[in-house]
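If you want our numbering, it's the 1-based position in the sequence shown plus 140.
Where a beta carbon is used, it is the ideal one built from N, C-alpha and C, also for glycine.
Being a predicted model, the structure only gives us computed values, none of them experimental.
In what follows, a structure is listed as structure tokens, so that the remarks can point back to it.
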Amino acid sequence: MEKQPLYEGKAKRIFATNNEDEVLVYYKDDATAFNGEKKGTILNKGILNNRISSFFFKLLSEQGIPNHFVSMPSDREMLVKSLKILLVEVVVRNIAAGSLAKRIGWEEGRKMPCTVVEMYYKNDDLGDPLINDYHIKALGLATAEQVAKMEEYALKINTILTNYLKEKDLELIDFKLEFGLHKGEVMLGDEISPDTCRFWDSKTGEKLDKDRFRRNLGNVEEAYKEVLLRLTGEVL
Ligand code: UDP
141 MEKQPLYEGK
151 AKRIFATNNE
161 DEVLVYYKDD
171 ATAFNGEKKG
181 TILNKGILNN
191 RISSFFFKLL
201 SEQGIPNHFV
211 SMPSDREMLV
221 KSLKILLVEV
231 VVRNIAAGSL
241 AKRIGWEEGR
251 KMPCTVVEMY
261 YKNDDLGDPL
271 INDYHIKALG
281 LATAEQVAKM
291 EEYALKINTI
301 LTNYLKEKDL
311 ELIDFKLEFG
321 LHKGEVMLGD
331 EISPDTCRFW
341 DSKTGEKLDK
351 DRFRRNLGNV
361 EEAYKEVLLR
371 LTGEVL
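Right under this line is the structure:
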């Protein structure tokens, strides 16, 4: 049966399924950075991110974090619960890097004295600007209860992932989450992968994430493979 395409994003395609509560996500190798200005492909990224994200979603399910993961029917496909995505990107930061380091004038790698949670308006035309609770309310992006839930889940996810990754000699610097509504409930969606997180090797400080692509550091595929290997023991 021909799959019915619903939507194509920068790194994934979404298809309808026979079950109206679920959609199929297809992970591509396409990579973009700087709001689509830099384009490329990372060989096997779709497979690596599908496997890494599936692993994280299962771990979070075990720890009581509601998320969209249902199953991984193939190497590039993830079956997920259909969500009405909230147009808010939630970023959690443990160590200053990327846009935060620039904004507040801190050198990359400086530990934040406390965990920092930020909200961005998910809007490509505007380049995903930083927003606060008032903007979210004024724009009608989410209710105060939904914002509180996203923040609560984001902080819990940070604790779960930070502790898990530490055992694998990976430092969780920062990451981005997207949430949606499923039957009215706030639920984690999108992906958790080296595309959406910064992972640094705890011993060497080596970057094992999309910054290798953004900053032309080389060995991009190798870095993603190393993350999969450390998390699951799988070699691709
Ligand atoms: N991030 C993301 N998608 C975005 C912007 C950021 O997944 O559109 C992730 C990014 O990989 C990093 C964290 O969110 O782990 C914080 O990114 P930052 O604000 O520093 O932006 P960047 O430096 O990536 O432009």
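(message) What I want to know is whether the C-beta of LEU240 ends up closer than 7 angstroms to one or more non-hydrogen atoms of the ligand UDP.
(response) Working through the sequence shown from its first residue, we reach residue 240 at position 100. Yes; taking the cut-off as 7 angstroms, the Cβ of LEU240 has a heavy atom of the ligand UDP nearer than that.
(request) Can you give me the Cβ contacts of TYR167 inside the same chain, cut-off strictly under 6 angstroms, excluding the 5 residues immediately before and after it? (result) Translated into positions along the sequence shown, residue 167 becomes position 27. Contacts found: LYS152, GLY186, ASN189, ASN190 and ARG216.
(request) Using three-state DSSP, classify THR157 as helix, strand or coil. (result) Residue mapping note: residue 157 aligns to position 17 of the sequence shown, counting from 1. DSSP places THR157 in the coil class of the three-state scheme, outside both helix and strand.
(request) Determine, using beta carbons only, whether GLU229 and ASP268 come nearer to each other than 8 angstroms. (result) Residue mapping note: residue 229 aligns to position 89 of the sequence shown, counting from 1. Residue mapping note: residue 268 aligns to position 128 of the sequence shown, counting from 1. In this structure, ASP268 lies closer than 8 angstroms to GLU229 by Cβ.
(message) Below 8 angstroms, how does it come out for the region 305 to 315 and the region 339 to 352: are there three or more Cβ pairs, yes or no?
(response) yes
(message) If you measure between the beta carbons of ASN234 and THR302, is that distance less than 8 angstroms?
(response) Translated into the one-based positions of the sequence shown, residue 234 becomes position 94. Translated into the one-based positions of the sequence shown, residue 302 becomes position 162. Cβ distance < 8 angstroms, so ASN234 and THR302 count as in contact.
(request) Report back the beta-carbon spacing between GLU160 and LYS221 to the nearest angstrom; my notes put them in contact at under 8 angstroms. (result) Counting from one through the sequence shown, the residue named residue 160 turns up at place 20. Counting from one through the sequence shown, the residue named residue 221 turns up at place 81. Actually they are not in contact, since the Cβ atoms of GLU160 and LYS221 sit about 11 angstroms apart, beyond 8 angstroms.
(message) Going by beta-carbon coordinates alone, are TYR380 and LEU199 separated by less than 8 angstroms?
(response) What is shown of the chain runs 141 to 376, which leaves residue 380 out entirely.
(message) On the CB-based measure, 16 or more other CB atoms within 10 Å of its CB, does GLY329 come out buried or exposed?
(response) Position 189 of the sequence shown, counted from the first residue, corresponds to residue 329. Buried is the call here.
(message) So, at 7 angstroms on beta carbons, what are the nonlocal neighbours of VAL375 in its own chain, with the 5 sequence-adjacent residues on each side left out?
(response) One-based indexing of the sequence shown puts residue 375 at position 235. Around VAL375: LEU369.
(request) May I have a chain-ordered list of the alpha helix (DSSP H) segments no shorter than 4 residues that lie completely inside the region 206 to 254? (result) Counting whole runs of 4 or more residues, the region 206 to 254 contains the alpha helix (DSSP H) stretches 238 to 244.
(request) Grab me the residues of PHE197's own chain with a C-beta within less than 6 angstroms of its C-beta, minus the 5 sequence neighbours each way, in chain order. (result) Counted from its first residue, the sequence shown places residue 197 at position 57. Only ASN207 and PHE209 meet the Cβ criterion.
(message) Measuring straight from C-alpha to C-alpha, what distance separates LEU223 and VAL165?
(response) Stepping through the sequence shown from its first residue, residue 223 is reached at position 83. Stepping through the sequence shown from its first residue, residue 165 is reached at position 25. When rounded, the distance between both Cα atoms is 12 angstroms.
(message) As a quick exercise: from GLN286, THR283, ALA284 and ASP314, pick the residue whose alpha carbon is nearest that of ILE297.
(response) Taking the first residue of the sequence shown as position 1, residue 297 is located at position 157. Cα-wise, what sits closest to ILE297 is ASP314.
(request) Ignore the nearest five residues each way along the sequence and tell me which others in VAL360's own chain have a CB closer than 7 angstroms to its CB. (result) Within the sequence shown, the letter at position 220 stands for residue 360. The residues are ILE182, ARG352 and PHE353.
(request) Answer yes or no: do LEU240 and ASN263 have a C-beta to C-beta separation smaller than 8 angstroms? (result) Taking the sequence shown and counting its residues from 1, one reaches residue 240 at position 100. Taking the sequence shown and counting its residues from 1, one reaches residue 263 at position 123. Not a contact, by the Cβ cut-off of 8 angstroms.
(request) Give a yes or no on whether 8 angstroms exceeds the smallest Cβ distance from GLU292 to chain C. (result) Looking for chain C here will not work: only one protein chain is present.
(message) Tell me the rounded alpha-carbon separation between GLU248 and ARG338.
(response) Here the question's residue 248 lines up with position 108 in the sequence shown. Here the question's residue 338 lines up with position 198 in the sequence shown. If you draw a straight line from the Cα of GLU248 to the Cα of ARG338, it is about 12 angstroms long.
(message) Can you tell me whether ILE332 is buried or exposed? The criterion is at least 16 other CB atoms within 10 Å of its CB, across all chains shown.
(response) The sequence position of residue 332 within the sequence shown is 192, counting from 1. It counts as buried.
(message) Just verifying my parser: in three-state terms, what is the DSSP assignment at ALA151?
(response) Taking the sequence shown and counting its residues from 1, one reaches residue 151 at position 11. Of the three classes helix, strand and coil, the one that applies to ALA151 here is coil, per DSSP.
(message) Spatial neighbours of ASP273 within its chain, please: C-beta separation below 7 angstroms, excluding the five flanking residues on both sides.
(response) Here residue 273 corresponds to residue number 133 of the sequence shown, with the count starting at 1. Closer than 7 angstroms at Cβ, skipping near neighbours: VAL287.
(request) For ALA236, count neighbouring C-beta atoms within 10 Å of its own C-beta (all shown protein chains included) and say buried if the count is 16 or more, exposed if not. (result) Numbered from 1 along the sequence shown, position 96 holds the residue referred to as residue 236. Flag for ALA236 reads buried.
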